[in-house]
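First the structure, in the form of structure tokens, and then the observations on it.
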Amino acid sequence: RQVTVQRKEKDFQGMLEYHKEDEALLVRNLVTELKPQALAGTVPCLPAYILYMCIRHADYVNDDLKVHSLLTSTINGIKKVLKKHNDDFEMTSFWLSNTCRLLHCLKQYSGDEGFMTQNTAKQNEHCLKNFDLTEYRQVLSDLSIQIYQQLIKIAEGLLQPMIVSAMLENESIQGLSGVKPTGYRKRSSSMADGDSSYCLEAIIRQMNSFHTIMCDQGLDPEIILQVFKQLFYMINAVTLNNLLLRKDVCSWSTGMQLRYNISQLEEWLRGRNLHQSGAVQTMEPLIQAAQLLQLKKKTPEDAEAICSLCTALSTQQIVKILNLYTPLNEFEERVTVAFIRTIQAQLQERNDPQQLLLDFKHMFPVLFPFNPSSLTMDSIHIPACLNLEFLNEV
Amino acid sequence: SAQRPRPRVLLKAPTLAEMEEMTTSEEEESP
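Protein sequence lines, in the order shown, are assigned to chains A and W.
For the numbering used here, count along the first sequence from 1 and bump the result up by 14.
With the first letter of the second sequence counted as 1, position 18 gets the number 3 in the numbering used here; the numbers rise by one all the way through.
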């Protein structure tokens, strides 16, 4: 008696199978040779999801060597791309997004209940069955920190040449140039580059570009917030350090322009929904320096007001700004030595740091909070442009 | 009663620095 077995078309279970000998091709097409632009319009972090689906199949067939090998090749591939493109913000941001996403996938599908609270039942079916990849998660986390540091370095390198001219030298407030101290030659930190000067709009344009790239690539919002906090700190430090060294910008009018510029930056943060980042708080020393330039500096009451306002500036910084302060015209008096002594006496109990300048290279520690995805592996489509036809959907 | 899942096997991984050393020495070995 013949038995006919009706075979049901097998559903895609969100795994990708490949032959061991195709691993190098997989890493080449998906990592080292990939151009982020080729994936425009696809799911953000697609390479990370594809890699997870490959790891999952190797786990499913209980092939520990295949898992080891793929993860090692992938990590080395990412490092190679980053080394080659070490001044490319878009590429670095792309691999930060994907490395973090792969790390999140290894947590979300680890089988650890702590990481599964937001999973759907279908997502729980896509967990690893055989292997615990905790140690590889640590490697990916360390790699993410390295990529984040590279990203900040690139962004700082692009912003830094703009800061002094945009924040301290450019006059966007109408009529302010008439009330600038006279007798100073216009100086620019970028004089070596000819007459290149920047306005605040250039900084904002550059930050818009960073923000758009990171959002489009699906970088975790918490990381984007940390990037801007770091960049705002650098803007604050570079601007304040220049202010502390240049007599020609220690004036009432620069204080006014500076306060206006900072408010424009705050406005930008609000417009991009980044005001929760702590970026404005990192600007506090500069905000206070701008106010110090504008406050009256004559009576004991003025001294009291300055001391209670300038809590984010050290005594040394306050005194330096007062010493450098340049009257606008013959009607405004210089800050007297007696006034500076009053300030010093009032602040002597403060336990301030000794150094005058801020460390503009200081980096805040970065955190990568777990951010599970609502995407289900079996819904992911692999576009033909990736040239990954050798992957079999399982 | 619900079947308890089999415990997963921990895959040992080199640290990022060790991986770097391995790649460097491989590169040095290759002509």
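Heads up, the beta-carbon is just placed ideally off N, CA and C, and yes, glycines get one too.
Since this is a predicted model, take the numbers as computed values, not measurements.
Residue i - DSSP class collapsed to helix/strand/coil
i	result
A/ASP230	helix
A/ASN337	helix
A/PHE145	strand
A/GLU185	coil
A/GLU346	coil
A/LEU419	Outside the displayed range of chain A (15 to 408) lies residue 419 of chain A, so it cannot be described from this structure.
A/GLU407	strand
A/LEU372	coil
W/VAL(-6)	strand
A/MET446	Examination of residue 446 of chain A is not possible in this model, given that chain A is present from 15 through 408 alone.
A/ASN275	helix
A/PHE378	coil
A/ILE394	coil
A/TYR123	coil
A/TYR74	helix
A/ALA206	Because the pLDDT at A/ALA206 is just 43, under 50, the model does not fix this residue reliably, and the value given afterwards should be weighed accordingly. The answer is helix: DSSP assigns A/ALA206 an H, G or I state.
A/TYR247	helix
A/LYS93	helix
A/ASN25	A small correction: the amino acid at residue 25 of chain A is Asp; Asn does not occupy that position in the sequence shown. It is coil, neither helix nor strand.
A/GLU47	coil
A/TYR212	coil
A/PRO383	coil
A/ASP316	helix
A/ALA326	coil
A/MET270	helix
A/GLN132	coil
A/ARG199	Reliability fails at A/ARG199, whose pLDDT of 47 lies under 50, so the model's placement of it is uncertain and the value that follows must be treated cautiously. If DSSP states are grouped into helix, strand and coil, A/ARG199 belongs with coil.
A/HIS225	helix
A/LYS310	coil
Check whether residue i and residue j have beta carbons under 7 Å apart
i	j	result
A/THR296	A/ASN250	yes
A/GLN152	A/THR106	no
A/MET228	A/ILE238	yes
A/LEU402	A/ILE396	yes
W/LEU(-4)	A/ASP78	yes
A/GLY430	A/LEU245	No answer is possible for residue 430 of chain A: the residues shown for chain A start at 15 and end at 408.
A/HIS149	W/ALA(-2)	In the sequence on display, residue 149 of chain A carries Glu and not His. Going by C-beta atoms, A/GLU149 is nearer than 7 Å to W/ALA(-2).
A/ALA293	A/LYS375	no
A/GLY285	A/SER111	no
A/ALA304	A/LEU259	no
A/ASN184	A/CYS213	yes
A/ILE177	A/VAL252	yes
A/LEU327	A/PRO299	yes
A/GLY91	A/THR56	no
A/LEU117	A/LEU154	yes
A/VAL380	A/TYR162	yes
A/CYS119	A/TYR66	yes
A/GLN220	A/LEU157	no
A/PHE404	A/ASP36	yes
Cutoff 7 Å: residue i Cβ touching any chain W Cβ
i	result
A/VAL41	no
A/LEU165	no
A/ASP77	no
A/LEU157	yes
A/ASN112	no
A/VAL153	yes
A/SER203	At A/SER203, the pLDDT of 46 sits below 50, so the modelled position is not reliable; the number obtained from the coordinates is stated separately. For A/SER203, the answer is no, since every Cβ of chain W falls outside 7 Å of its Cβ.
A/ASN90	yes
A/TYR32	no
The ligand GTP heavy atom lying under 6 Å from the CB of residue i
i	result
A/TYR247	Within the structure as shown, the ligand GTP is missing, as the structure has no ligands at all.
Contact with chain A by residue i, beta-carbon distance below 7 Å
i	result
W/ARG(-7)	yes
> Mind listing which residues of the region 123 to 150 of chain A have their C-beta closer than 7 Å to chain C's C-betas, in chain order?
Replying inline: Going by chain labels, chain C is absent from the structure shown, which instead holds the protein chains A and W.
>> So if I threshold CB-CB distances at 8 Å, which residues from the region -1 to 13 of chain W count as touching chain A?
In response: Within the region -1 to 13 of chain W, contact with chain A at the beta-carbon level (separation under 8 Å) is assigned to PRO(-1), THR0, LEU1, MET4, GLU5 and THR8.
>> Would you call the region 24 to 33 of chain A in contact with the region 66 to 74 of chain A, where contact means no fewer than 3 C-beta pairs closer than 8 Å?
In response: Yes: at least three Cβ pairs fall under 8 Å.
>> Whether or not the region 354 to 364 of chain A and the region 314 to 326 of chain A are in contact is what I'm after, with contact meaning three or more pairs of Cβ atoms, one per stretch, closer than 8 Å; do they touch?
In response: At 8 Å Cβ cutoff, the stretches touch.
>> Closer than 8 Å between beta carbons: that is the criterion. Which residues of the region 79 to 108 of chain A meet it against chain W?
In response: If the cut-off is 8 Å between Cβ atoms, the region 79 to 108 of chain A has VAL81, HIS82, LEU85, THR86, ILE89, ASN90 and LYS93 near chain W.
>> Would you call the region 379 to 391 of chain A in contact with the region 337 to 349 of chain A, where contact means no fewer than 3 C-beta pairs closer than 8 Å?
In response: No: the two stretches stay apart, fewer than three of their Cβ pairs being nearer than 8 Å.
> Do the region 213 to 222 of chain A and the region 83 to 91 of chain A make contact, defined as three or more Cβ pairs closer than 8 Å?
Replying inline: No, they do not touch.
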